[in-house]
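**Student:** Can you read through this structure? Questions will come right after.
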Amino acid sequence: MTSFQRKTGLGKGLSALLDDNDSVHPPKNGNDALEQTAQIGSISEVNINDIETNPYQPRTEFDQVALNELSESIKVQGLIQPITVRKHGDKYQLISGERRLRASKLAGLTQIPAYVRTADDQQMLEMALIENIQRENLNAIEVALSFQMM
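Position 139 (the sequence shown) corresponds to 797 in my numbering; numbering is contiguous.
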(Lines of atoms letter the chains of each structure in order from A and count residues from 1; the text may use other names and numbers.)
(Lines give C-alpha, C1' and ligand atoms only; values in the text may rest on other atoms or scores of the structure.)
Protein backbone atom coordinates (compact mmCIF):
# COMPACT_ATOMS: atom_id res chain seq x y z
CA MET A 1 0.00 0.00 0.00
CA THR A 2 1.35 3.47 -0.86
CA SER A 3 1.23 6.62 1.19
CA PHE A 4 -1.72 7.90 -0.85
CA GLN A 5 -4.76 8.88 1.14
CA ARG A 6 -8.01 7.21 0.17
CA LYS A 7 -10.40 9.45 -1.68
CA THR A 8 -14.03 8.89 -2.56
CA GLY A 9 -13.94 10.76 -5.89
CA LEU A 10 -13.30 7.74 -8.09
CA GLY A 11 -16.38 6.94 -10.12
CA LYS A 12 -17.35 10.52 -10.85
CA GLY A 13 -16.58 9.96 -14.52
CA LEU A 14 -15.59 13.02 -16.53
CA SER A 15 -16.14 15.34 -13.58
CA ALA A 16 -13.07 13.73 -12.02
CA LEU A 17 -11.07 14.66 -15.11
CA LEU A 18 -12.33 18.20 -15.71
CA ASP A 19 -12.64 21.02 -13.22
CA ASP A 20 -15.61 23.37 -13.55
CA ASN A 21 -13.29 26.37 -13.82
CA ASP A 22 -11.03 24.89 -16.51
CA SER A 23 -11.22 26.58 -19.87
CA VAL A 24 -10.08 25.50 -23.31
CA HIS A 25 -7.83 27.73 -25.38
CA PRO A 26 -7.14 26.37 -28.87
CA PRO A 27 -3.59 26.84 -30.12
CA LYS A 28 -2.92 30.04 -32.03
CA ASN A 29 -2.47 29.88 -35.79
CA GLY A 30 0.67 30.89 -37.59
CA ASN A 31 4.14 31.47 -36.17
CA ASP A 32 2.86 32.27 -32.67
CA ALA A 33 1.84 28.62 -32.14
CA LEU A 34 5.40 27.51 -31.42
CA GLU A 35 5.94 30.40 -29.02
CA GLN A 36 2.73 29.78 -27.10
CA THR A 37 3.34 28.75 -23.53
CA ALA A 38 1.11 26.08 -22.12
CA GLN A 39 -1.29 27.49 -19.55
CA ILE A 40 -3.01 25.44 -16.89
CA GLY A 41 -6.57 24.62 -17.97
CA SER A 42 -5.83 25.05 -21.66
CA ILE A 43 -5.15 22.92 -24.69
CA SER A 44 -1.72 23.71 -26.10
CA GLU A 45 0.69 22.26 -28.61
CA VAL A 46 3.46 20.64 -26.54
CA ASN A 47 6.82 19.35 -27.74
CA ILE A 48 6.40 15.57 -27.72
CA ASN A 49 9.94 15.11 -26.34
CA ASP A 50 9.10 17.25 -23.28
CA ILE A 51 6.52 14.73 -22.04
CA GLU A 52 7.45 12.15 -19.41
CA THR A 53 5.29 9.05 -19.02
CA ASN A 54 2.90 8.64 -16.10
CA PRO A 55 4.59 6.70 -13.28
CA TYR A 56 1.10 5.67 -12.12
CA GLN A 57 0.01 4.28 -15.50
CA PRO A 58 -2.12 1.24 -14.72
CA ARG A 59 -1.60 -0.29 -18.18
CA THR A 60 1.54 -2.39 -18.38
CA GLU A 61 1.01 -3.95 -21.82
CA PHE A 62 0.50 -2.12 -25.10
CA ASP A 63 -0.64 -4.01 -28.21
CA GLN A 64 1.89 -3.08 -30.90
CA VAL A 65 -0.51 -3.89 -33.75
CA ALA A 66 -3.15 -1.59 -32.23
CA LEU A 67 -0.53 1.15 -31.72
CA ASN A 68 0.53 0.85 -35.37
CA GLU A 69 -3.11 1.13 -36.47
CA LEU A 70 -3.61 4.20 -34.26
CA SER A 71 -0.40 5.70 -35.63
CA GLU A 72 -1.64 5.26 -39.21
CA SER A 73 -4.95 6.88 -38.24
CA ILE A 74 -3.08 9.84 -36.70
CA LYS A 75 -1.03 10.24 -39.89
CA VAL A 76 -4.25 10.49 -41.91
CA GLN A 77 -6.68 12.25 -39.55
CA GLY A 78 -4.40 13.86 -36.99
CA LEU A 79 -4.85 13.41 -33.26
CA ILE A 80 -8.57 13.82 -32.58
CA GLN A 81 -8.48 13.91 -28.78
CA PRO A 82 -5.68 15.72 -26.93
CA ILE A 83 -3.65 13.93 -24.28
CA THR A 84 -3.75 15.25 -20.70
CA VAL A 85 -0.57 16.41 -18.95
CA ARG A 86 0.56 18.32 -15.90
CA LYS A 87 3.53 20.67 -15.59
CA HIS A 88 6.48 18.86 -13.98
CA GLY A 89 9.45 21.17 -13.58
CA ASP A 90 10.38 22.47 -17.03
CA LYS A 91 8.72 19.46 -18.69
CA TYR A 92 5.31 17.81 -18.65
CA GLN A 93 4.15 14.56 -17.13
CA LEU A 94 1.51 12.50 -18.89
CA ILE A 95 -1.73 12.03 -16.97
CA SER A 96 -3.72 10.20 -19.62
CA GLY A 97 -3.30 9.25 -23.24
CA GLU A 98 -0.21 7.04 -23.31
CA ARG A 99 -1.48 5.05 -26.30
CA ARG A 100 -2.08 8.32 -28.18
CA LEU A 101 1.36 9.61 -27.15
CA ARG A 102 3.12 6.40 -28.26
CA ALA A 103 1.20 6.30 -31.55
CA SER A 104 1.94 9.99 -32.19
CA LYS A 105 5.65 9.32 -31.74
CA LEU A 106 5.37 6.41 -34.20
CA ALA A 107 3.58 8.75 -36.62
CA GLY A 108 6.52 11.14 -36.42
CA LEU A 109 4.78 14.03 -34.69
CA THR A 110 7.01 16.55 -32.94
CA GLN A 111 4.18 18.54 -31.34
CA ILE A 112 1.05 17.10 -29.75
CA PRO A 113 -2.14 18.78 -28.53
CA ALA A 114 -2.29 18.44 -24.77
CA TYR A 115 -4.78 19.51 -22.15
CA VAL A 116 -2.62 21.04 -19.41
CA ARG A 117 -4.06 20.79 -15.91
CA THR A 118 -3.06 20.68 -12.28
CA ALA A 119 -3.08 17.32 -10.52
CA ASP A 120 -1.36 15.82 -7.53
CA ASP A 121 -0.10 12.23 -7.61
CA GLN A 122 -3.39 10.82 -6.24
CA GLN A 123 -5.45 12.66 -8.86
CA MET A 124 -3.03 11.52 -11.55
CA LEU A 125 -3.51 7.88 -10.58
CA GLU A 126 -7.30 8.26 -10.44
CA MET A 127 -7.52 9.96 -13.84
CA ALA A 128 -5.32 7.34 -15.50
CA LEU A 129 -7.39 4.56 -13.98
CA ILE A 130 -10.72 6.14 -14.96
CA GLU A 131 -9.61 6.68 -18.54
CA ASN A 132 -8.26 3.16 -18.93
CA ILE A 133 -11.31 1.50 -17.43
CA GLN A 134 -13.58 3.51 -19.75
CA ARG A 135 -11.51 2.77 -22.84
CA GLU A 136 -9.52 -0.33 -23.77
CA ASN A 137 -9.93 -3.05 -21.17
CA LEU A 138 -7.29 -3.38 -18.51
CA ASN A 139 -6.55 -6.91 -17.48
CA ALA A 140 -7.59 -7.97 -13.97
CA ILE A 141 -4.06 -7.71 -12.57
CA GLU A 142 -3.62 -4.13 -13.86
CA VAL A 143 -6.94 -3.10 -12.24
CA ALA A 144 -6.04 -4.81 -8.95
CA LEU A 145 -2.58 -3.22 -8.79
CA SER A 146 -4.08 0.21 -9.47
CA PHE A 147 -6.64 -0.14 -6.71
CA GLN A 148 -3.91 -1.37 -4.37
CA MET A 149 -1.91 1.83 -5.04
CA MET A 150 -4.94 3.87 -3.96
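Ideal Cβ placement from N, Cα and C applies to all residues, glycine included.
Predicted model, so just to flag it, every value in this text is computed and none were measured.
Confirm, please, whether the CB-CB distance from ALA761 to ILE741 is below 7 Å.
**Tutor:** Here the question's residue 741 lines up with position 83 in the sequence shown. Here the question's residue 761 lines up with position 103 in the sequence shown. No, these two residues do not count as a Cβ contact at 7 Å.
**Student:** How far does the alpha helix (DSSP H) with LEU728 in it reach, from first residue to last?
**Tutor:** Position 70 of the sequence shown, counting from 1, holds the residue named residue 728. Unbroken alpha helix (DSSP H) run through LEU728: 722 to 735.
**Student:** Answer yes or no: does any C-beta atom of chain C fall closer than 7 Å to that of ALA724?
**Tutor:** In the structure shown, chain C does not exist; there is a single protein chain.
**Student:** Specify, as a first and last residue, the run of the beta strand (DSSP E) that ALA772 falls within.
**Tutor:** Reading the sequence shown from its first residue, position 114 is the one you call residue 772. Counting along the chain, the beta strand (DSSP E) containing ALA772 begins and ends at 769 to 774.
**Student:** Taking DSSP as the reference, what is the three-state secondary structure of ARG744?
**Tutor:** For the purposes of this step, residue 744 is identified with residue 86 of the sequence shown, where counting begins at 1. Strand, per DSSP.
**Student:** Can you tell me whether ILE698 is buried or exposed, with buried defined as 16 or more other CB within 10 angstroms of its CB?
**Tutor:** As a position in the sequence shown, residue 698 is number 40, starting the count at 1. Exposed, since its Cβ has fewer than 16 Cβ neighbours within 10 Å.
**Student:** Could you please give me the residues that DSSP links to LYS749 through a beta bridge?
**Tutor:** For this step, residue 749 is matched to residue 91 along the sequence shown. Looking at the DSSP assignment, LYS749 forms a beta bridge with HIS746.
**Student:** Count the other C-beta atoms from every protein chain shown that fall within 10 angstroms of the C-beta of ASN712, then say buried if there are 16 or more, exposed otherwise.
**Tutor:** Locating residue 712 in the sequence shown gives position 54, counting from the first residue. Buried.
**Student:** Is it the case that the Cβ atoms of TYR714 and ALA802 are separated by a distance below 7 Å?
**Tutor:** Residue mapping note: residue 714 aligns to position 56 of the sequence shown, counting from 1. Residue mapping note: residue 802 aligns to position 144 of the sequence shown, counting from 1. For TYR714 and ALA802, no; Cβs fall outside 7 Å.
**Student:** Does DSSP put GLU756 in a helix, a strand or coil?
**Tutor:** In the sequence shown, counting from the first residue as 1, residue 756 sits at position 98. If DSSP states are grouped into helix, strand and coil, GLU756 belongs with the helices.
**Student:** Any idea what DSSP makes of ASN707, helix, strand or coil?
**Tutor:** Here residue 707 refers to the residue found at position 49 when the sequence shown is read from its first residue. DSSP places ASN707 in helix when its eight states are reduced to three.
**Student:** Taking the alpha-carbon positions, what's the GLU730 to GLU789 distance?
**Tutor:** Indexing the sequence shown from 1 puts residue 730 at position 72. Indexing the sequence shown from 1 puts residue 789 at position 131. One C-alpha to the other measures close to 22 Å.
**Student:** State the beta-bridge partners of ILE701 as determined by DSSP.
**Tutor:** Within the sequence shown, the letter at position 43 stands for residue 701. According to DSSP, which records beta bridges pairwise, ILE701 is partnered with TYR773.
**Student:** Is ILE738 helix, strand or coil when you go by DSSP?
**Tutor:** Within the sequence shown, residue 738 is the residue found at index 80, counting from 1. Correct three-state label for ILE738: coil.
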